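Undergrad: Sharing a structure here in structure tokens format.
Numbering (full-length UniProt numbering), first residue to last: 1 to 453.
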């Protein structure tokens, strides 16, 4: 019987879906964050449940050859990366095994369908957007990321997965707040109703080098905000836009609905492939543009378009995949439930002179059956759903529409595997499963799948 607060020497015999090591005592699994498959470790049991327990890593008795020293000095405190203690090759191995495990155990499909993940040559400084909470922690100004499973801000000077410009803007923001004694909106993790500054958000176009800085505040009137603008303008390479976003609520949501352009343009731009995109403070844009191009190129390859096909793009967002598909399709119909995203999608199509894409606001599981009833029959359907996967009504609509091919882009292997099983039952055959490492040093993995009728 495993007991809380007891210590054990254990062998790590498995890997959890968040990258944690798994040990077993008489078949009872113990999840240990920071432990690597193949290691022997000393563990303190910190939580015991009916079917599993959590352990805290106290000592590595026998280290794995895949263990590396994390480059980030804040790695053990920060909640941003969970796999930095593992070599990058082993991270890809882990993601490969995870996708295979889900596809076989949940989807009932052969592991042989899964190919090795497409990784990055340089898996650092890959994020084009960062949102950093600002607060007082034990009387000290802190700007950084939250510690795991908490609202405790870990004060950071640098982050190895964010663009370097974010480090510079963070330094400027810190200097401004301290110089003018601006009050942060949180104190020791709790909302401060008298506070003014909630977050600092930095976005950069990797191909355009255009930089947007967004100061998230609780009120419209902020003292010395013109001095903040001047400090950003005079010390930030590529600065094109300084925005104030107002969020008055005591909420975990970062951005409010109202934006005020303090200086420069309302938007910045960037490219994915040959397509140009407008990026506003509130718009969605993939945070790893280099790997996004890899992912979308694979989706386009799987779609196998010849210029004669009608394509549906479900959960199309701001139309990034839609535009990629438009290069080789006769007509593409994009569907997305978020009204603002469709507005951005139409703008993106317009600035790229794409005239064979049409967009609809609504639920994909409702709009797509309606399009089919109107006589628009797809040759290919592409889906890129949220983490919860596709709505069953959409999967059933795909079965009725009978497109030649389905291309499924997923951010969660578990729900992907569940949906693949359903599509197989609806008459589709899974041909190829390709993981893409969009988020190195984290447990997340994107996957693109080809299914044929």
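Cβ atoms here follow ideal geometry from the backbone N, Cα and C, with glycine treated the same way. For clarity, every value in this text was computed on a predicted model and none was experimentally measured.
Tell me which residues share the same chain as residue 380 and place their Cβ nearer than 6 Å to its Cβ, disregarding the 5 neighbours each side in the sequence.
TA: Contacts found: 303, 309, 311, 403, 405.
Undergrad: In or out: residue 39 buried (at least 16 other Cβ within 10 Å) or exposed?
TA: Flag for residue 39 reads buried.
Undergrad: By how many angstroms is the C-alpha of residue 285 removed from the C-alpha of residue 99?
TA: Looking at the two C-alpha atoms, the distance is approximately 25 Å.
Undergrad: Hey, would you say residue 337 sits closer than 8 Å to residue 317, going by beta carbons?
TA: Going by C-beta atoms, residue 337 is not nearer than 8 Å to residue 317.
Undergrad: According to DSSP, what are the bridge partners of residue 199?
TA: Bridge partners of residue 199: 133, 216.
Undergrad: Write down the C-beta distance between residue 279 and residue 268 rounded to the nearest angstrom, noting that I regard them as a contact closer than 8 Å.
TA: With 8 Å as the limit, residue 279 and residue 268 qualify as a contact, their Cβ atoms being about 5 Å apart.
Undergrad: Indicate the three-state DSSP secondary structure (helix, strand or coil) for residue 161 in the structure shown.
TA: If DSSP states are grouped into helix, strand and coil, residue 161 belongs with coil.
Undergrad: Rounded to the nearest angstrom, what separates residue 200 and residue 56 at their Cα positions?
TA: The straight-line gap from Cα to Cα measures roughly 33 Å.
Undergrad: Can you tell which of 24, 351, 215, 262 has the C-alpha that lies nearest to the C-alpha of residue 247?
TA: Here the closest residue by C-alpha is 215.
Undergrad: What are the residues that DSSP puts in a beta bridge with residue 434?
TA: The partner list for residue 434 (beta bridge, DSSP) reads 448.
Undergrad: Let's see if you can read the secondary structure: which residues bound the beta strand (DSSP E) around residue 275?
TA: Counting along the chain, the beta strand (DSSP E) containing residue 275 begins and ends at 275-279.
Undergrad: Please name the residue, chosen from 314, 151, 261, 28, that lies closest to residue 342 on a Cα-to-Cα basis.
TA: Selected option, being the one with the closest Cα: 314.
Undergrad: Residue 127: which of 438, 444, 449, 452 sits nearest, CA to CA?
TA: Taking only the C-alpha atoms, the option nearest residue 127 is 438.
Undergrad: If you run the structure through DSSP and keep just helix, strand and coil, what is residue 367?
TA: Residue 367: helix per DSSP, three-state reduction.
Undergrad: Pick helix, strand or coil for residue 320, following the three-state DSSP scheme.
TA: Of the three classes helix, strand and coil, the one that applies to residue 320 here is helix, per DSSP.
Undergrad: Could you check which residue in 407, 51, 124, 30 has the C-alpha nearest to that of residue 44?
TA: When only C-alpha atoms are compared, the closest one is 30.
Undergrad: Determine, using beta carbons only, whether residue 92 and residue 19 come nearer to each other than 8 Å.
TA: No, they are not a contact pair.
Undergrad: Hey, is the region 206-221 in contact with the region 231-244, meaning 3+ C-beta pairs nearer than 8 Å?
TA: Contact between the region 206-221 and the region 231-244 is present, because at least three Cβ pairs lie under 8 Å.
Undergrad: Tell me the DSSP bridge mates of residue 42?
TA: The partner list for residue 42 (beta bridge, DSSP) reads 9, 59.
Undergrad: Runs of 4 residues minimum, wholly inside the region 213-297: which ones carry the alpha helix (DSSP H) assignment?
TA: Those alpha helix (DSSP H) runs which fall completely within the region 213-297 and span 4+ residues are 225-235.
Undergrad: If I'm right that residue 182 touches residue 197 with Cβ under 8 Å, what's the distance once you round it to whole angstroms?
TA: 6 Å between Cβ atoms; contact.
Undergrad: With distances taken from CA atoms, which of 349, 166, 120, 111 is nearest residue 324?
TA: Out of 349, 166, 120, 111, 349 has the C-alpha closest to the C-alpha of residue 324.
Undergrad: Which residues in the same chain as residue 300 place their Cβ atom closer than 8 Å to its Cβ, once the five residues preceding and following it in sequence are excluded?
TA: Within the same chain, residue 300 has close Cβ partners 324, 325, 327, 328.
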